[in-house]
Structures are given as C-alpha cells and as structure tokens.
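Undergrad: Could you have a look at this structure, given as structure tokens, before my questions?
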Amino acid sequence: HRRYGHLSFSGLRTLASKGLVKGFDLDESSLPSPSCEACIQAKQAHRPFPAEASNRSNTAGERVMSDVWGPARVLAKGGYRYYISCTDD
C-alpha cells in the first residue's frame, strides 16, 4: 500500500488480478487494516474561511495588518529592496 503511493486496497487487487505489475502477488490475508495513518491525515479537511471577518475593529489603529514583500530585483528610490504594507481594519 505504501510502496504504491497509498493506493487503495481495491486498486491493489486490480493490479494483482489484471497482472499489471510484473512479479506483484497480493496475499489477501496479509492486507493491513484500512486505517492507514497517512491516508487518514490526507483525507482531513478544514472548515472554509468566512467570507467576511466577524471581529472587525471599530477604532482606527485597533487592528492593523501588515505584510513584507521582497527582495525586489529592481531597487526602489533610496536603494530599498523590501516593501511593507500596512492595512488598518
């Protein structure tokens, strides 16, 4: 299962029954539990982000978000390579 990129067990059965992989034999009694930790983690999902923030600020400067961008290939006036943006919510 792991060697074949966490292929499903039905997919492994198909490989074996159709002879798609040379030298691949599947022993049904040796199949591990279908609760593979990596597969379980890969199937986890997160809740979607809300379209609009529920905790908006009411006062200027109460909530400020910032981001840094760079390095820029072309120097800005003064020789700067980075840009900082600040947004007041």
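Take 1 as the starting number for the sequence shown in UniProt numbering and just add one per residue. Backbone N, C-alpha and C define an ideal beta-carbon position, used for all residues, glycine too.
1. Where does the unbroken alpha helix (DSSP H) through SER17 begin, and where does it stop?
2. Say whether the stretch 35 to 55 touches the stretch 69 to 76, bearing in mind that this needs 3 or more beta-carbon pairs closer than 8 angstroms, one atom from each stretch.
3. Distance, Cα to Cα, ARG13 vs LEU26?
4. Does GLY79 come within less than 8 angstroms of chain B when only Cβ atoms are used?
5. With DSSP as the reference, please indicate the residues paired to CYS86 in a beta bridge.
6. Can you give me the Cβ contacts of VAL21 inside the same chain, cut-off strictly under 7 angstroms, excluding the 5 residues immediately before and after it?
7. So GLU37 is in the alpha helix (DSSP H); what residue range does that whole segment cover?
8. Please go through the same chain and pick out, in chain order, the residues whose beta-carbon is closer than 8 angstroms to the beta-carbon of ASP89, but skip the five residues on each side of it.
9. Confirm, please, whether the CB-CB distance from TRP69 to ASP82 is below 8 angstroms.
TA: With the structure as the only source:
1. 9 to 17
2. no
3. Spanning the two alpha carbons is a distance of roughly 7 angstroms.
4. Going by chain labels, chain B is absent from the structure shown, which holds only one protein chain.
5. SER66
6. Excluding sequence neighbours, VAL21 sits near LEU15.
7. In this chain, the alpha helix (DSSP H) harbouring GLU37 covers 37 to 42.
8. ALA53, ARG56, SER57, GLU62, ARG63, VAL64, MET65
9. In the sequence under discussion, the amino acid at residue 82 is Tyr, which differs from the Asp named in the question. Less than 8 angstroms separates the beta-carbon of TYR82 from that of TRP69.
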